[in-house]
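Notes follow the structure.
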Amino acid sequence: MAGAAAGTASGGRSRRGRLDAAPAVWLLSAAILAVLVVAPLAILLVTAVRVPDGSGFSLANFIEAFGEAIYQGPIGNSLVYATSVGILSVLVGAPMAWLVTRTDMAGKGIVRTLTIAAFVTPSFLGATAYVILAGPNAGLFNVLYRAITGAEGALVNIFSMSGLIYVTSLYTFPVVFILTSAALTATPADLEEAARIAGAGRLAVMRTITLPLALPAIVGGFILAFLEALVLFGAPAMLAIPARFHVMTTQIWAFFHYPPQVEVAAAYAMPLLLVAVVLLVAQRRLMGRRGYATVGGRATTARPVALGPWRWAAFAACGAVLLLSIGLPYFALLRAALAKAWGLGWSWQNLTLRNFRYVIFEFDPTRSAIVNTLELATVTATLAALLMGAIAYVAQRRLITGARALAFLAMAPLAIPGIVLSIGLFKAYSRPPFLLYGTIWIIFVAYLTKYLPIAYTACHAAIQTVHVDLEDAARTLGANRLVAFKDVTVPLFGAGLVSAWLLVFLPSLRELSSSILLFTSRSRVVSVVIYSLYEEGLWEAVSALGILLLGLTLALVAIAQRFLGRRFLQI
Amino acid sequence: MTYRMLWGFLAGLALALGLLARAEAADPAVMDAAKKEGKVVWYSSLGLSVAQKVCDAFNKKALGITCELARDGSQRVFQKVMQEAGANLAIADVVHTSDISHFLEFQQKNMLMRYLPAGADKFRADFRDKDGLYTILRGTPYVIGYNTQKVSAADAPKTWKDLADAKWKGKLVHAHPGYSGVVMTGIIGLLPVMGGWDYYAALAKNNPLVVQSAEDPPMKLSGGEAWVGATGEYNLYREIKKGNPVQIVFPAEGAPFVTSANAILAKAPHPNAAKVFTDYLFDKDAQQILADDGLYVPNEAVTYPKDKQPLKELKLIKVDPEEMQKRDEEVKKKFRELFGV
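Those protein sequences? They're chains A and U, same order as listed.
Be aware that the first sequence starts at 1, since it is given in the working numbering, and climbs by one per residue.
Be aware that the second sequence starts at 572, since it is given in the working numbering, and climbs by one per residue.
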């Protein structure tokens, strides 16, 4: 290992004098990244301190954004919401990760698979499903509760802060699960076994060894779950607004309503940006080089902790979580997607495939949104994978100075919340000379920027598995760098690129928080149409579209896991 | 087939086509230009299912012009039109919302094309703009609805005041004036009658489920998620026709009459198609689709469903367009204060 690293470094140095494509790649990449990442951020910052009529600069936008009582409420709401989601995700995700990686719990494979399904399920579909399941008056849970107990009131009310926290956590706990199980898998269980042999009890081992080992990952997972909730738009818009409160993201969206206050929105977005930057720096420090779950090898698996009779109890507990997160919501969506009219209830006569025909073939906006979404996801994923593949390659092989700067730029959007990025993009591209607003290309720019970090991380992880000696061998045999790259690296690197492509394609299919500020009637995407249909109360159509989206997503994940195996979403 | 027969056939065909063309539009030059434009983009706040029906019926005429529907809430339609105008984008041709103040705003910004649909001189007088810049496409009273399985006719609210009764706490649904023009008009119509914002403060105390579209309360009522609520009459009427357990109440204080205007934008990218489409929207066929859906329309050639009461038998509250424009911002602000969103 050490030899390989030294080889990379010296190899890089000895090659530096030669002319080849690398500097051109660097320049081009730097220019693209500057346009994608630096420009919208700069414009956002300028917008925040600008007087709306363009006559000068002032702090008026900040005073308006943070001075008014009605805009202060959402800040408190967002803090409560995100913190609670972070804590709940840890309480669920971390123990599940331990059970799956360190014990002989029954049904570990099922738990892992369904957790991935929860990971790729957009929370706005979870929210829709839970309106059906846990609406205070007509939700299935409450109807059953009243039928069984004879009570008048409601057992649960999804239109509330606690309802919102609950639904969001069901789809953010997998983040903690993935990071924690990666950390636990990557660290050998030898220490735990040694402690056991030395006579420590199970709890003592947990407290003194396992927990400290996993702690950075758990805290890192908390931060990511916290941030995800903080910048989420869909679930809060669907559950908080009917419950008569705003969070920061829905407030930013409301600033765009007529008469739009884009400048105030930009000022209002600053805390989101700041918090995201600070927390992600903290998270990086904490997790050190381990970073994302895609990185990191599999250590020798030690003998798992025997749970005895608790094997099945533990499985039942995990199963209950996944029933709430996957089983019941998917059932509710499928039921609504197959309903003739929602008001007709749960009877067998109330079944039809009409809603699918309607959203795929008959209803213009959904049909064009499906086409737009597939086009956007494909183009974004392809460009992100190619661009980040190139940058990860030059950065890892240290072909040129300044490659690390490119890597930094590529990772920077991680700290730019989607809805915040969109404010900058809207300002930058909604008037000539750069008029992208009104086309799907402004949404493309948003997606590409937003998913650069995912693509870079995946490509970076993949390139590290391609040994530089192989390339050197090809060069020794007379191939120039491009040929060596093409004939040696690309085939080996290919699986990594495909993995990066999928990791961008999947979230692009469901992106809502950037798209919601950038779409027009001729540039709608599936998530936006789902949200619009929800606003009109058309649950049947929402559910049919949702089922299509989930079906495509799960099919792609299954195919990827079958063919890419451990290289894709490794947990 | 002899030449003579062929010529005879062709002459007959030409005659038939000529007659057809005359039936389609008064001005063949407009129709020709419209066909070249090929489509018309309609930004509309008309309920999705009926708006789609109107568009589909237009497309079925096979005029060589496609109706492209962009349905959204009135305020969103307005927001998009203004946002696109600000970016110098001409996407929408014909605009239709239920907040009449939007059309005053368009007018003051010179954003409308002067166009009256064919036959407009015969429309109900109260459905026309005196300057001929927009025409009311449809009207509906803003009323109360309730779920008949949860609430008996005796218990159902009879007045707007009843709706604010504490017994509806947690059972009430209300749509958003920042989305729906029907609701915006309803609130502005009710404020003077109900003695100002105190009425809405009382309503807010019932913890209503705040949805967005005026289309949504009827669905919340029919599914039993809410028991009582306020919305447009036509939105409720449609749910009743579907066999859902919903009933309409015309409150004793009166029902604000919501009029929804339609106009062509001055910068319409398909101006001729827009004219053809506007003529169509107001012709008997399209107006009949609206009337069947429970709406009141300007074209008096339609026949209303038997269970619809004639407008003149209803106690309506007239809402002044200038009053709408004056109070739009205030309503959004006060609603936010009282209802939290």
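Glycine is no exception: its CB is placed at the ideal position from the N, C-alpha and C atoms.
Check	Outcome
What do you get for A204 of chain A, buried or exposed, if any count of 16 or more other CB atoms within 10 angstroms of its CB means buried?	exposed
Taking only beta-carbon positions, decide if A495 of chain A is within less than 7 Å of chain U.	no
Using only CA atoms, which one of A:L215, A:A182, A:M270 and A:I165 lies nearest to G234 of chain A?	A:I165
Could you please give the first and the last residue of the uninterrupted alpha helix (DSSP H) stretch that includes L36 of chain A?	Taken as a continuous stretch (DSSP letters only), L36 of chain A belongs to no alpha helix (DSSP H), as it is neither H nor E.
Return the chain-ordered list of same chain residues with a C-beta closer than 8 Å to the C-beta of A69 of chain A, the five sequence neighbours on each side being excluded.	none
Under three-state DSSP, which class holds L683 of chain U?	strand
Assess, as a yes-or-no matter, whether the segment 196 to 216 of chain A is touched by the segment 159 to 177 of chain A under the definition of 3 or more beta carbon pairs within less than 8 Å.	no
Check whether chain A comes within 7 Å of M653 of chain U, counting only Cβ atoms and requiring the distance to be less than that.	yes
Whole angstroms is fine: what's the gap from F848 of chain U's alpha carbon to V611 of chain U's?	7 Å
Looking at Q896 of chain U: is its Cβ nearer than 7 Å to the Cβ of L675 of chain U?	yes
Here's a check: name, in chain order, each residue in its chain whose Cβ is nearer than 6 Å to the Cβ of S516 of chain U, leaving out the five neighbours to either side.	In the structure displayed, chain U extends from 572 to 912; residue 516 of chain U sits before or after that span and is not available.
Q818 of chain U lies in the beta strand (DSSP E); which residues open and close that run?	V817 to V820
Count the other C-beta atoms from every protein chain shown that fall within 10 angstroms of the C-beta of R112 of chain A, then say buried if there are 16 or more, exposed otherwise.	buried
By the 9 Å beta-carbon criterion, what residues does the segment 609 to 626 of chain U contribute toward chain A?	V612, Y614, G618, L619, S620, Q623 and C626
Can you grab the Cα-Cα spacing for the pair V156 of chain A / K680 of chain U, in whole Å?	50 Å
What is the DSSP secondary structure of L640 of chain U, reduced to helix, strand or coil?	strand
List, in order along the chain, the chain A residues whose C-beta lies closer than 8 Å to that of Y750 of chain U?	E535
Write down the C-beta distance between A229 of chain A and Y81 of chain A rounded to the nearest angstrom, noting that I regard them as a contact closer than 8 Å.	6 Å
With a CB to CB cut of under 6 Å and the five nearest residues on each side skipped, what residues in its chain are close to I758 of chain U?	P748 and V902
To the nearest angstrom, report how far apart L887 of chain U and V275 of chain A are at their CA atoms.	53 Å
Quick one: is R102 of chain A buried, meaning 16 or more other Cβ sit within 10 Å of its Cβ, or exposed?	buried
Tell me where the beta strand (DSSP E) around W613 of chain U begins and ends.	K610 to S615
In terms of residue numbering, what span does the alpha helix (DSSP H) encompassing R311 of chain A cover?	W310 to L322
Would you say Q818 of chain U lies against chain A (beta-carbon separation less than 7 Å)?	no
Between the segment 215 to 225 of chain A and the segment 180 to 187 of chain A, can you find at least three pairs of beta-carbon atoms closer than 8 Å?	yes
What span of residues does the alpha helix (DSSP H) with N583 of chain A cover, start to end?	Outside the displayed range of chain A (1 to 571) lies residue 583 of chain A, so it cannot be described from this structure.
By how many angstroms is the C-alpha of S84 of chain A removed from the C-alpha of A299 of chain A?	Legend: pLDDT at A299 of chain A = 49, less than 50; position of this residue unreliable, value from coordinates given subsequently. Distance between the alpha carbons of A299 of chain A and S84 of chain A is about 33 Å.
Using the beta-carbon of each residue, which ones in chain U are nearer than 9 Å to R431 of chain A?	G657, A658 and N659
Strictly below 8 Å CB to CB, what residues from chain A border Q783 of chain U?	I241, E535 and E536
G803 of chain U versus chain A: which residues are under 7 Å apart at the beta carbon?	By Cβ distance, chain A contributes nothing, its closest Cβ being about 13 Å from G803 of chain U, past 7 Å.
With a floor of 3 residues, list each beta strand (DSSP E) that falls wholly inside the segment 99 to 171 of chain A, ordered by position along the chain.	none
With respect to the beta strand (DSSP E) encompassing P827 of chain U, which residues constitute its N-terminal and C-terminal limits?	A826 to L836
If you measure between the beta carbons of A839 of chain U and V666 of chain U, is that distance less than 7 Å?	no
So is F677 of chain U in contact with chain A if we call contact Cβ pairs under 7 Å?	no
Under 7 Å, Cβ to Cβ, is there at least one residue of chain U near A293 of chain A?	For A293 of chain A, the predicted structure reports a pLDDT of 38, less than 50, and the residue's modelled location is therefore unreliable. The matter cannot be settled from this model.
Do you know offhand how far S14 of chain A's Cα is from T185 of chain A's?	Annotation note: pLDDT 42 at S14 of chain A (below 50); position unreliable, no value reported.
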